[in-house]
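This report refers to the structure that appears directly beneath it.
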Amino acid sequence: MALSVVIGAQWGDEGKGKIIDYLSATSDYVIRFHGGNNAGHTVINKFGKFALHLVPSGIFHPKTKVIIGNGVIIDLQVLLEEIEMLKKCKIKLENKLFISPRCHLIMPYHKLLDSLYEKAKGKNKTGTTGRGIGPTYSDKVSYNGIRMVDLIDRKSFSEKLKVQLLIKNKILKTLGAKQLSQKNIEKIFSNYREKIKSHVREPFSLIQNAIKNKQNILLEGAQGTLLDNDWGTYPFVTGSTTLTGGINAGAGIPVNKIDNIIGITKAYTTRVGEGPFPTELSNEVGKKLRTVGGEFGATTGRPRRCGWLDIELLKFACYINEFTQLAITKLDVLDSFPEIKICTHYTLGGKKVNYFDGDTSFLSKIKPIYKTLKGWNKPTKGITKYKDLPLPAKQYLKEIEELTKVKIKYISTGPKRDEIIKI
Ligand code: GDP
Ligand code: IMO
Ligand code: MG
Numbered sequence: 517m518a519l520s521v522v523i524g525a526q527w528g529d530e531g532k533g534k535i536i537d538y539l540s541a542t543s544d545y546v547i548r549f550h551g552g553n554n555a556g557h558t559v560i561n562k563f564g565k566f567a568l569h570l571v572p573s574g575i576f577h578p579k580t581k582v583i584i585g586n587g588v589i590i591d592l593q594v595l596l597e598e599i600e601m602l603k604k605c606k607i608k609l610e611n612k613l614f615i616s617p618r619c620h621l622i623m624p625y626h627k628l629l630d631s632l633y634e635k636a637k638g639k640n641k642t643g644t645t646g647r648g649i650g651p652t653y654s655d656k657v658s659y660n661g662i663r664m665v666d667l668i669d670r671k672s673f674s675e676k677l678k679v680q681l682l683i684k685n686k687i688l689k690t691l692g693a694k695q696l697s698q699k700n701i702e703k704i705f706s707n708y709r710e711k712i713k714s715h716v717r718e719p720f721s722l723i724q725n726a727i728k729n730k731q732n733i734l735l736e737g738a739q740g741t742l743l744d745n746d747w748g749t750y751p752f753v754t755g756s757t758t759l760t761g762g763i764n765a766g767a768g769i770p771v772n773k774i775d776n777i778i779g780i781t782k783a784y785t786t787r788v789g790e791g792p793f794p795t796e797l798s799n800e801v802g803k804k805l806r807t808v809g810g811e812f813g814a815t816t817g818r819p820r821r822c823g824w825l826d827i828e829l830l831k832f833a834c835y836i837n838e839f840t841q842l843a844i845t846k847l848d849v850l851d852s853f854p855e856i857k858i859c860t861h862y863t864l865g866g867k868k869v870n871y872f873d874g875d876t877s878f879l880s881k882i883k884p885i886y887k888t889l890k891g892w893n894k895p896t897k898g899i900t901k902y903k904d905l906p907l908p909a910k911q912y913l914k915e916i917e918e919l920t921k922v923k924i925k926y927i928s929t930g931p932k933r934d935e936i937i938k939i
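Structural data, given as structure tokens:
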């Protein structure tokens with residue numbers, strides 16, 4: 517497998533957790549390289565059911581080491597809760613979980629600012645997860661961040677916090693929010709410091725050596741292509757680069773070292789939060805997708821918006837990420853639909869247009885053009901061999917391959933680790 521990257525091809529929640537848990541059985545390292553605990557990666561295996569927000573989804577394999585790379589932003593309360601929860605399930609973490617000292621910390625004021633910005637935007641809000649993601653990344657790029665390395669050095673933490681509170685308390689006051697106390701934050705964070713410090717170490721040489729020694733490395737993308745800060749449906753996006761290229765900045769890995777780029781897409785489309793969604797179904801079919809697919813956010817529990825598979829968007833994700841293979845998840849959710857539609861392209865004023873031709877408002881004006889395929893009306897749940905799939909399901913998959921020109925390598929037929937077809 518060598519060096520593989522797993523990237524969400526849609527608006528997140530494509531089933532990355534499940535696929536990473538499955539693929540990482542042979543991985544020496546699994547590395548998260550961006551995002552924070554806005555991610556919710558569901559893993560169901562012999563240890564139980566988990567929604568991982570920060571710890572990489574390869575953690576369950578005894579020989580796999582996991583790294584939270586420098587591009588990830590961390591809410592220590594969430595990370596420590598996750599660590600506790602894993603320990604309770606007898607998952608070993610010492611000498612197995614490494615956290616880059618370069619990771620920026622999500623501070624209490626970031627979470628407050630996230631909700632205050634959303635409130636100020638009113639009906640134009642992004643619909644964030646409320647985890648402080650945007651404000652933390654904006655402090656990072658404006659050189660106002662506090663990093664894990666600062667936390668470890670008590671004096672540096674205290675000095676940086678002082679400056680930030682000077683600034684942030686003024687903003688909070690203007691926006692009518694309560695003031696934050698240095699003393700309280702320092703107390704909470706010195707407790708975090710003691711609990712986390714054994715996991716903090718610079719992973720650069722570990723990763724470089726693993727590449728040199730041709731060890732198996734799996735990079736775990738978070739969110740999805742259409743939530744990318746530059747190429748997604750801005751401003752209805754997230755704060756990080758969600759694309760393949762993000763591994764260079766977010767994990768220190770040169771992009772030409774990549775062997776496989778696996779794009780993950782559901783067999784239909786979902787989105788949580790605000791923003792345009794051309795194939796959204798605001799009818800009974802959409803409701804059925806949500807119910808059958810259990811489409812409720814793993815992080816916030818919000819109902820996900822549902823619609824048919826959008827090939828125009830998938831093709832864009834294939835181009836921009838250079839997927840070498842696709843993993844299709846949740847095929848089984850379509851088992852009871854008499855017909856299945858697939859959006860093959862967009863038109864505007866009768867002319868064919870592309871996703872990248874316009875901005876977010878453009879995307880709410882285009883017309884999605886559909887092709888209707890026959891449903892299979894047979895259970896595919898748990899099928900592990902391609903030959904056992906009903907013919908219309910094979911035809912649906914073939915259609916996706918032909919339209920995207922990318923080979924489907926994995927087909928997921930249920931949420932559990934082994935409910936998967938490898939081609
Ligand atoms: P992620 O953020 O990309 O890891 O995806 P989430 O975990 O947020 O959401 C995916 C949801 O689909 C979770 O509830 C998974 O347990 C579930 N899931 C993943 N693959 C399949 C599948 O093939 N079939 C079904 N029915 N559920 C799946
Ligand atoms: P995983 O890794 C789905 C969405 C939010 C919102 C926008 C910005 O589980 O696929 P943020 O809190 O990041 O500032 O919110 O991005 N969003 C996700 N949607 N899956 C995710 O992660 C998401 N992470 C953020 O709903 O629309
Ligand atoms: Mg998720």
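517 is the number of the first residue of the sequence shown in our numbering; add one for each residue after it.
For every residue, glycine included, the Cβ atom is placed at its ideal position computed from N, Cα and C.
These numbers come from a predicted model, not from an experiment.
Annotated three-state conformation of V753 is coil, per DSSP. In the three-state DSSP reduction, G646 falls in the coil class, being neither helix nor strand. I733 is positioned such that its CB atom lies no closer than 8 Å to that of Y886.
Leaving aside the five residues that flank E935 on each side, the residues in its chain whose CB is nearer than 6 Å to its CB run, in chain order, G898, T929. When secondary structure is reduced to three states using DSSP, N772 falls in the helix class. Not one heavy atom of ligand 2 sits closer than 7 Å to the Cβ of W747. Minimum Cα-Cα distance from T816 among the listed residues T558, N799, F549, I536 corresponds to T558. Excluding its 5 nearest sequence neighbours in each direction, T645 has C-beta neighbours in its own chain below 6 Å: N554, T815, T816, listed in chain order. The beta carbon of E530 is closer than 7 Å to those of G524, G740, I780, T781, K782, T845 in its chain, skipping five residues each way along the sequence.
Note on geometry: alpha-carbon atoms of I882 and E811 lie some 26 Å from one another.
Rounded to the nearest angstrom, the Cβ distance from C859 to V922 is 17 Å, too far for a contact under 8 Å.
For the pair of segments examined, the stretch 630 to 640 was found not to touch the stretch 656 to 670: the number of CB pairs separated by less than 8 Å stays below three. Taking a contact as a CB-CB distance under 8 Å, the pair I583 and V716 does not count as one, their CB atoms being some 11 Å apart. When the beta-carbon positions are compared, V522 and G737 come within less than 8 Å of each other. At a cut-off of 7 Å, the beta-carbon of D591 does not count as near ligand 3: no heavy atom of the ligand is closer than that. Only exposed fits F872, as fewer than 16 other CB atoms lie within 10 angstroms of its CB. Within the stretch 813 to 860, the beta strand (DSSP E) runs of at least 3 residues that lie entirely inside it are, in chain order, 821 to 823, 841 to 845. D744 sits buried, since 16 or more C-beta atoms from the chains shown fall within 10 Å of its C-beta. For G524, the beta-bridge partners assigned by DSSP are I780. Contact between G587 and A765 holds: their C-beta atoms lie close to 6 Å from each other, under 8 Å.
Contact annotation, H569 with E598: C-beta distance approximately 6 Å; criterion of less than 8 Å satisfied.
Using a Cβ distance threshold of 8 Å, A518 and H577 do not count as a contacting pair. Distance from W824 to T795 at the Cβ level is roughly 5 Å; contact confirmed, criterion being Cβ atoms closer than 8 Å. Ligand 2 approaches T754 closely enough that one of its heavy atoms is under 7 Å from the residue's Cβ. For L759, the closest C-alpha among the options G768, I723, I777 is that of I777. Taken in chain order, the complete alpha helix (DSSP H) segments of 4 or more residues contained in the stretch 896 to 928 are 907 to 920.
Here DSSP, grouped into helix, strand and coil, assigns Y886 to strand.
If the five residues before and after I607 are omitted, its C-beta is found closer than 7 Å to the C-beta atoms of F563, I575, F576, all from its own chain and listed in chain order. Of L539, H550, I535, L797, the smallest CA-CA separation from S756 is found for H550.
Sorted by chain position, residues whose beta-carbon lies closer than 5 Å to a non-hydrogen atom of ligand 3 are D529, G556, A814. At a Cβ-Cβ threshold of 8 Å, L829 and Q526 count as neighbours. Between S520 and D775, the C-beta spacing is below 8 Å. Within the DSSP bridge table, the entry for A567 names T558 as partners. In this structure, ligand 1 has a non-hydrogen atom nearer than 7 Å to the beta-carbon of S928. Its chain contains K925, Y926 as the residues whose beta carbon lies nearer than 8 Å to that of K938, once the 5 sequence neighbours on both sides are disregarded; these appear in chain order. The C-beta of G802 has 16 or more other C-beta atoms within 10 Å across all chains shown, which makes the residue buried.
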